[in-house]
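**Student:** For what it's worth, this note's numbering labels the leading residue of the sequence shown as 46, then goes sequentially.
Idealized CB from N, CA, C, for every residue including glycine.
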Amino acid sequence: MECGRGQRKLLSGPTTCSKSLIEKGFNWVQSSEVSETAAPRWKILLPAMLAGAAAIAAFSALVACSRSYVWSHPAESEPYNLVVEGFRQGHTWMAVDAPPDLVHAPNPYLFSTYRRFLAPPWNLVDLSYFKGHIYAYFGVTPAVILFWPWRAITGHALHQAFGVLLFCSAGYALALGIGLAAWRRYFPHLGPWTGASTALALASVTTLPVFLVRPGLFEVSISCAFMLGMASIAALWRSWHAPARSAAWLAAASVAYGMAVGARPTLLFGGVILLVPVAAVWRKERSGETRSWPRLLAAAVLPMAAVGACLAAYNLARFGSPLQFGHDYQLSGNDVYGTSSFGPRFLRDDAWLLLFAPLRWHPGFPFVWRPPMPALVAGHLPVEFFFGALTNLPVLLTALFVPALLARLPGMSVMRGGAVLLCLLLTATALPILFYAGTTSRYFLDFLPTLSLLALIGLAAAEEIASGRHAATTLPFGRLAVGVLRLALGFSIAVSWLLAVALSLFYQGAEEGTRMLAAGRIDDAVAVFSGVGKVNPDFQASADLSVGLALLGAGRAAESSRYLEAAAEEQPGDEQARYALGQAELALGKFREAGESFATALKLAPGDADAEANLGFALLRQGRLAEATEHEFAALRLDPNEATAKAILAATRDSAPR
Numbered sequence: 046m047e048c049g050r051g052q053r054k055l056l057s058g059p060t061t062c063s064k065s066l067i068e069k070g071f072n073w074v075q076s077s078e079v080s081e082t083a084a085p086r087w088k089i090l091l092p093a094m095l096a097g098a099a100a101i102a103a104f105s106a107l108v109a110c111s112r113s114y115v116w117s118h119p120a121e122s123e124p125y126n127l128v129v130e131g132f133r134q135g136h137t138w139m140a141v142d143a144p145p146d147l148v149h150a151p152n153p154y155l156f157s158t159y160r161r162f163l164a165p166p167w168n169l170v171d172l173s174y175f176k177g178h179i180y181a182y183f184g185v186t187p188a189v190i191l192f193w194p195w196r197a198i199t200g201h202a203l204h205q206a207f208g209v210l211l212f213c214s215a216g217y218a219l220a221l222g223i224g225l226a227a228w229r230r231y232f233p234h235l236g237p238w239t240g241a242s243t244a245l246a247l248a249s250v251t252t253l254p255v256f257l258v259r260p261g262l263f264e265v266s267i268s269c270a271f272m273l274g275m276a277s278i279a280a281l282w283r284s285w286h287a288p289a290r291s292a293a294w295l296a297a298a299s300v301a302y303g304m305a306v307g308a309r310p311t312l313l314f315g316g317v318i319l320l321v322p323v324a325a326v327w328r329k330e331r332s333g334e335t336r337s338w339p340r341l342l343a344a345a346v347l348p349m350a351a352v353g354a355c356l357a358a359y360n361l362a363r364f365g366s367p368l369q370f371g372h373d374y375q376l377s378g379n380d381v382y383g384t385s386s387f388g389p390r391f392l393r394d395d396a397w398l399l400l401f402a403p404l405r406w407h408p409g410f411p412f413v414w415r416p417p418m419p420a421l422v423a424g425h426l427p428v429e430f431f432f433g434a435l436t437n438l439p440v441l442l443t444a445l446f447v448p449a450l451l452a453r454l455p456g457m458s459v460m461r462g463g464a465v466l467l468c469l470l471l472t473a474t475a476l477p478i479l480f481y482a483g484t485t486s487r488y489f490l491d492f493l494p495t496l497s498l499l500a501l502i503g504l505a506a507a508e509e510i511a512s513g514r515h516a517a518t519t520l521p522f523g524r525l526a527v528g529v530l531r532l533a534l535g536f537s538i539a540v541s542w543l544l545a546v547a548l549s550l551f552y553q554g555a556e557e558g559t560r561m562l563a564a565g566r567i568d569d570a571v572a573v574f575s576g577v578g579k580v581n582p583d584f585q586a587s588a589d590l591s592v593g594l595a596l597l598g599a600g601r602a603a604e605s606s607r608y609l610e611a612a613a614e615e616q617p618g619d620e621q622a623r624y625a626l627g628q629a630e631l632a633l634g635k636f637r638e639a640g641e642s643f644a645t646a647l648k649l650a651p652g653d654a655d656a657e658a659n660l661g662f663a664l665l666r667q668g669r670l671a672e673a674t675e676h677e678f679a680a681l682r683l684d685p686n687e688a689t690a691k692a693i694l695a696a697t698r699d700s701a702p703r
């Protein structure tokens, strides 16, 4: 007798229906893949929800207290809103005019040519210039999915910092949803602390707090790609766990990942994850009669290919090449013309800086600062804020044990497939970062969320094994191992937030001191800078340089030289400190010392026209006319508008070119 819907139990003994239910229950206990677990009570999810809400509130506070430059311009003048305005006007370039001197320059990509346009009022740093127009080098996706719709609906421009907050909050919510879904389905016996710890871990060890301290132009594209990457993983999860609609969810994952590449082109190779569920189905169907994998393959490939075609057309319209995102035409804040930005020679340094470099700890709150700067391979770009993720967020090391831990648990074949997918995504997104000539902690958001999900799976698996519910498997020193992992989790969460607080305090103090210097309150600024130096041990050289420049500008050359000499000694490779010291020495009539300072500055920055001109002036005051005029002509070759060189050559009545 079959068990019909609504059939009553007529016999005292077990019927066919009751037997089948018992068997299904037994099978579910043996394999959590058989059936979705019942939704936990709201009390079980409440700790996770509260922790997640607190994390987003903390994210908002970090953005509100972020660096002053983030808020220094109206939203309408920010790059992504200028991209949207360009679209509204019917073209692909930003709605801003390129500087005429840049348009008419023989080679606009020389650092000495465009350097002055990086500062106000042009603010072209990290944008791209091509054939008379300014473009956004970073991906177009944020403009399409957020800034343009916001403008269309509200009639106002959205501030980029709010865009970063929205992207990060949405990406975090998606990552948390994935983590909670894995907990409910595969580790249902773990208590409510699992949800809360998942929420806190994903809010922290992903390095979102550090990322949100300075939500500028870079962060818009990175956070957008983070959100879309998490959306793609979430859709893949649904594709695996909702077989009836697997193709639709796989297509959604493909669209999301294609748009993530549109925001962050370095994520391209991570698209291989879309083939993992296709390969799994193909493997099952090799010896069967069904053939659903071609439909899944089309769902995985075609949507992303369509998004890629749109990106290629957009790049073709901008730069005349479907594969050119603007990198070759970028007006970088560093002199990178003619250099290689990617290569295996950067791997060793980047791996140390981003994975293994230990933080510096000190007794004063917030107790921690970035590692000391090591010597880097030739051609490596200047390094911004960095620290080793594996060394300082040790819970991430749990990801290394995920395969071994899952192998000890029954009914984990799909979860093991998910772990493979995350490993592929981690490798494909981390390697381009480790082969890049530049390094900064903002790049963590490209791959640490994936590593964080893997680590949380490993932590939950270790808890499950140590609980003793599975007699067939054991974990050596199980309780001790889990205790160590919990300590690692707590330590990692604390480090992430302490770093965010340290970075925020540093920026706030440094900018407050700078404002005091601008207002002429030099002594007050020195006191503020002293406090900042307790947060950032490396700040003293920058503080001495800033104070020295302020004193020099106030006509107090004798006082300024003391600070500038200290800055030059503390940072012997700082061209600006040497140049400023030379100016102070000129003002004091120390022409020989000034000449030496300008000569050192030129060795550090050979293309500095101002240093050439001032070196010529110092030589002239020493009576070395021939050498002086050579340097003045060199300054004019670098910058035909160099005023000091023109004045000196006119005064010496020797303006004939050589």
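Alpha carbon to alpha carbon, how far is Ser332 from Val459? Give it in angstroms, no decimals.
**Tutor:** Position 414 of the sequence shown holds residue 459. Position 287 of the sequence shown holds residue 332. Using only the alpha carbons, I get a separation of about 20 Å.
**Student:** Throw me the rounded Cβ distance for the Asp655 and Ser157 pair, which I believe falls under 8 Å.
**Tutor:** Stepping through the sequence shown from its first residue, residue 655 is reached at position 610. Stepping through the sequence shown from its first residue, residue 157 is reached at position 112. At roughly 10 Å, the Cβ-Cβ gap does not stay under 8 Å, so Asp655 and Ser157 are not in contact.
**Student:** Mapping the DSSP letters down to three states, classify Tyr359 as helix, strand or coil.
**Tutor:** For the purposes of this step, residue 359 is identified with residue 314 of the sequence shown, where counting begins at 1. Tyr359 falls in the helix class under three-state DSSP.
**Student:** Per DSSP, what kind of secondary structure is Val306 in: helix, strand or coil?
**Tutor:** Working through the sequence shown from its first residue, we reach residue 306 at position 261. Note: Val306 maps to helix in three-state DSSP.
**Student:** Suppose only complete runs of 4+ residues qualify. What are the alpha helix (DSSP H) ranges in the stretch 589-632, listed by chain order?
**Tutor:** Within the stretch 589-632, the complete alpha helix (DSSP H) runs of at least 4 residues are 602-615 and 620-632.
**Student:** Rounded to the nearest angstrom, how far is the Cβ of Phe430 from that of Leu548, given a contact under 8 Å?
**Tutor:** What you label residue 430 is simply residue 385 of the sequence shown in a count that begins at 1. What you label residue 548 is simply residue 503 of the sequence shown in a count that begins at 1. With 8 Å as the limit, Phe430 and Leu548 qualify as a contact, their Cβ atoms being about 6 Å apart.
**Student:** Which of the three DSSP states is assigned to Val447 in this structure?
**Tutor:** As a working note, residue 447 is residue 402 in the sequence shown. It is helical.
**Student:** Which of the three DSSP states, helix, strand or coil, is assigned to Phe183?
**Tutor:** Along the sequence shown, read from residue 1 onward, the residue named residue 183 stands at position 138. Coil at Phe183, not helix or strand.
**Student:** Between which two residues does the alpha helix (DSSP H) holding Tyr231 run?
**Tutor:** Taking the sequence shown and counting its residues from 1, one reaches residue 231 at position 186. Element bounds for Tyr231: Gln205 to Tyr231.
**Student:** Where DSSP assigns a beta bridge to His178, which residues make up the other side?
**Tutor:** What you label residue 178 is simply residue 133 of the sequence shown in a count that begins at 1. For His178, which the question treats as bridged, DSSP gives the partners Asp142 and Phe175.
**Student:** Leaving out five residues on either side along the sequence, give the residues of the same chain with a beta carbon under 6 Å from the beta carbon of Ala197.
**Tutor:** The residue you call residue 197 lines up with position 152 of the sequence shown. Excluding sequence neighbours, Ala197 sits near nothing in its chain.
**Student:** Under 8 Å between the Cβ atoms of Gly208 and Val128?
**Tutor:** As a position in the sequence shown, residue 208 is number 163, starting the count at 1. As a position in the sequence shown, residue 128 is number 83, starting the count at 1. No, the Cβ-Cβ distance between Gly208 and Val128 is not below 8 Å.
**Student:** May I have the straight-line CA-CA distance separating Thr689 from Tyr159, to the nearest angstrom?
**Tutor:** Stepping through the sequence shown from its first residue, residue 689 is reached at position 644. Stepping through the sequence shown from its first residue, residue 159 is reached at position 114. Rounded to the nearest angstrom, the two C-alpha atoms are 20 Å apart.
**Student:** Quick one: Cα of Pro260 to Cα of Gly240, how far?
**Tutor:** Locating residue 260 in the sequence shown gives position 215, counting from the first residue. Locating residue 240 in the sequence shown gives position 195, counting from the first residue. In a straight line, the C-alpha of Pro260 is about 28 Å away from that of Gly240.
**Student:** Does DSSP put Phe391 in a helix, a strand or coil?
**Tutor:** Against the sequence shown, residue 391 aligns to sequence position 346. Here Phe391 sits in helix by DSSP.
**Student:** Give me, in chain order, the residues of the same chain whose beta-carbon lies closer than 7 Å to that of Ala279; leave out the 5 immediate sequence neighbours on both sides.
**Tutor:** Position 234 of the sequence shown holds residue 279. Within the same chain, Ala279 has close Cβ partners Leu219, Gly222 and Ile223.
**Student:** Output the distance between the C-alpha atoms of Pro606 and Tyr624, rounded to the nearest integer angstrom.
**Tutor:** For the purposes of this step, residue 606 is taken as residue 561 along the sequence shown, with counting starting at 1. For the purposes of this step, residue 624 is taken as residue 579 along the sequence shown, with counting starting at 1. Strictly speaking, residue 606 in this sequence is Ser, with Pro absent from that position. Each residue's Cα considered, the two are about 11 Å apart.
**Student:** Is it buried or exposed for Gly383, if we count other Cβ within 10 angstroms and need 16 for buried?
**Tutor:** Reading the sequence shown from its first residue, position 338 is the one you call residue 383. When all chains shown are included, Gly383 counts as exposed.
**Student:** Rank Leu493, Leu450, Ala475 and Gly456 by C-alpha distance to the C-alpha of Ile502 and give the top, closest one.
**Tutor:** As a position in the sequence shown, residue 502 is number 457, starting the count at 1. Residue Leu450 is the option with its Cα nearest to Ile502.
**Student:** On the premise that Thr443 lies in contact with Ala500, defined as a C-beta separation below 8 Å, what is that separation, rounded to the nearest angstrom?
**Tutor:** Residue mapping note: residue 500 aligns to position 455 of the sequence shown, counting from 1. Residue mapping note: residue 443 aligns to position 398 of the sequence shown, counting from 1. Rounded, the Cβ-Cβ distance is 4 Å, consistent with contact.
**Student:** Are the stretch 315-328 and the stretch 470-480 touching, with three or more C-beta to C-beta distances below 8 Å?
**Tutor:** Touching, yes.
**Student:** Run through the DSSP bridge pairs and tell me what Tyr481 is partnered with.
**Tutor:** Taking the sequence shown and counting its residues from 1, one reaches residue 481 at position 436. Note: Tyr481 sits in a beta bridge opposite Phe387.
**Student:** Determine which residues share a DSSP beta bridge with Val428 and list them.
**Tutor:** As a position in the sequence shown, residue 428 is number 383, starting the count at 1. Answer is none; Val428 lacks a bridge partner.
**Student:** Assign Asp146 to buried or exposed, taking buried as 16 or more other Cβ atoms, counted over all protein chains shown, within 10 Å of its Cβ.
**Tutor:** Mapped onto the sequence shown, residue 146 falls at position 101. With fewer than 16 other Cβ atoms within 10 Å, it is exposed.
**Student:** Alpha carbons only, please: which of Val447, Ser113, Gly424 and Met457 is nearest the one belonging to Tyr481?
**Tutor:** On the sequence shown, position 436 is the one that residue 481 refers to. When only C-alpha atoms are compared, the closest one is Gly424.
**Student:** Taking just the CA atoms, how far does Thr495 sit from Ala287?
**Tutor:** Here residue 287 refers to the residue found at position 242 of the sequence shown. Here residue 495 refers to the residue found at position 450 of the sequence shown. Looking at the two C-alpha atoms, the distance is approximately 22 Å.
**Student:** Just how far apart, CA to CA, sit Ile67 and Arg290?
**Tutor:** The sequence position of residue 67 within the sequence shown is 22, counting from 1. The sequence position of residue 290 within the sequence shown is 245, counting from 1. Per-residue confidence for Ile67 stands at a pLDDT of 31, beneath the threshold of 50, marking its modelled position as unreliable; no derived number is given.
**Student:** What residues are listed by DSSP as bridge partners for Arg405?
**Tutor:** Position 360 of the sequence shown, counted from the first residue, corresponds to residue 405. Paired residues: Trp414.
**Student:** Identify every run of the beta strand (DSSP E) within the stretch 289-339, keeping only runs that are complete inside it and at least 3 residues long; order them along the chain.
**Tutor:** As far as the stretch 289-339 is concerned, it has no whole beta strand (DSSP E) run of at least 3 residues.
**Student:** In angstroms with no decimal places, state the Cα-to-Cα distance between Thr311 and His515.
**Tutor:** Here residue 311 refers to the residue found at position 266 when the sequence shown is read from its first residue. Here residue 515 refers to the residue found at position 470 when the sequence shown is read from its first residue. Rounded to the nearest angstrom, the two C-alpha atoms are 42 Å apart.
**Student:** Go ahead and pull the three-state DSSP assignment for Gln375.
**Tutor:** For the purposes of this step, residue 375 is taken as the residue at position 330 of the sequence shown. Strand.
**Student:** Sort Pro408, Ala434, Leu435 and Leu398 by Cα distance to Met418 and report the nearest one.
**Tutor:** Looking up residue 418 in the sequence shown gives position 373. For Met418, the nearest C-alpha among the options comes from Leu398.
**Student:** Work out the CA separation of Leu660 and Ile721 for me, nearest whole Å.
**Tutor:** Shown here, the chain extends from 46 to 703; a query on residue 721 therefore has no answer.
**Student:** Measure the beta-carbon distance from Phe23 to Asn581 and round it to whole angstroms, keeping in mind my assumption that it falls under 8 Å.
**Tutor:** For residue 23 there is no data in the structure shown, the boundaries of the chain being 46 and 703.
**Student:** Among Tyr217, Ala120, Ala100 and Leu400, which one has its Cα closest to the Cα of Gly200?
**Tutor:** By one-based count along the sequence shown, residue 200 stands at place 155. It is Ala120 whose Cα lies nearest to the Cα of Gly200.
**Student:** Within 10 Å of its beta-carbon, does Glu677 have 16 or more other beta-carbons around it, so buried, or fewer, so exposed?
**Tutor:** Residue 677 sits at position 632 when you count from the first residue of the sequence shown. Buried, by the Cβ-count rule.
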